[in-house]
C-alpha cells in the first residue's frame, strides 16, 4: 500500500470566515501570510516582507494584475476568470519559464483546482480542498519537482487566491456546501 502524498504547500485559516490565510511550505515549513480581498490581496513572508501583490486590473473587471518578487525572481502576470477556468499569462525572470500561459481548471469531483500548461497540455499542480475542515483550506501538490522554489511559491500564492475566488463565487452557482 502506497503512503499518502504530502502536499508541497498547505493552506490554512484561523476560522472558516477568515480572509487571512497562511501558506506553509511542507518541506521547509516556511509560512507566508495571504491577506485576501476582492480588490487587493497581499502575500507577506515571515519577515513581514511583501512577496506578492494581486490587485484589480480596472474598475469594472474581474481581471487582476499580479506582481510577485523575491530576491531571485520577478513575475508580472495577468489573471482572468473564464467560467470554470482561471487563466494566467505572465512574463518572468525565472530561467526556462520566461513566458507562462497556464490555467486553473475547477474540479467539481474533489472540490479543487488543477493547474495546466496551455502550451503543452501538461498538468503542473493539483489543489484539493479539505471539505468541511475548520482550519485547513487544502493542500497543493506540485508535480514538477524541478521547478524553482520561487515559481512553486508563486503557484501556491496564486492557487490560494484563485480558490478564494472560487470559495466566494462558485458555491452559489454550483450548489456546493463549502
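Residue numbers (full-length UniProt numbering): 1 to 178.
Virtual Cβ for every residue (Gly too), placed ideally from N, Cα, C.
All values reported here derive from a predicted model rather than from experimental measurement.
Endpoints, the beta strand (DSSP E) within which residue i is located
i: residue 116; result: 112-117
i: residue 17; result: Here residue 17 belongs to no beta strand (DSSP E), and DSSP marks it neither H nor E.
i: residue 128; result: 123-129
i: residue 140; result: 136-142
Anticipated Cβ contact below 8 Å, residue i with residue j, distance rounded
i: residue 21; j: residue 133; result: Incorrect: roughly 13 Å between the Cβ atoms, too far for contact.
i: residue 77; j: residue 89; result: 7 Å
i: residue 142; j: residue 8; result: 5 Å
i: residue 102; j: residue 114; result: At roughly 11 Å, the Cβ-Cβ gap does not stay under 8 Å, so residue 102 and residue 114 are not in contact.
i: residue 158; j: residue 13; result: With 8 Å as the limit, residue 158 and residue 13 do not qualify as a contact, their Cβ atoms being about 17 Å apart.
i: residue 127; j: residue 140; result: 5 Å
Rounded straight-line distance, which links the Cα of residue j to that of residue i
i: residue 162; j: residue 37; result: 11 Å
i: residue 30; j: residue 55; result: 24 Å
i: residue 1; j: residue 85; result: Legend: pLDDT at residue 1 = 42, less than 50; position of this residue unreliable, value from coordinates given subsequently. Their backbone Cα atoms lie some 34 Å apart in a straight line.
i: residue 68; j: residue 124; result: 19 Å
i: residue 151; j: residue 48; result: 20 Å
i: residue 179; j: residue 75; result: The requested residue 179 does not occur in the structure, where the chain is confined to residues 1 to 178.
i: residue 50; j: residue 108; result: 33 Å
i: residue 41; j: residue 28; result: 24 Å
i: residue 106; j: residue 70; result: 29 Å
i: residue 57; j: residue 63; result: 5 Å
i: residue 60; j: residue 165; result: 16 Å
i: residue 156; j: residue 95; result: 19 Å
i: residue 146; j: residue 117; result: 15 Å
i: residue 100; j: residue 44; result: 23 Å
i: residue 35; j: residue 19; result: 6 Å
i: residue 168; j: residue 149; result: 29 Å
i: residue 10; j: residue 53; result: 20 Å
i: residue 83; j: residue 46; result: 35 Å
Counterpart residues of residue i in DSSP-defined beta bridges
i: residue 25; result: 9
i: residue 31; result: 24
CB contact below 8 Å: residue i versus chain B
i: residue 112; result: No chain B appears in this structure, which consists of one protein chain only.
#### Entry: Completely contained beta strand (DSSP E) runs for the segment 33-111, where each covers 3 or more residues
40-44, 50-56, 64-70, 73-82, 85-92 and 99-107
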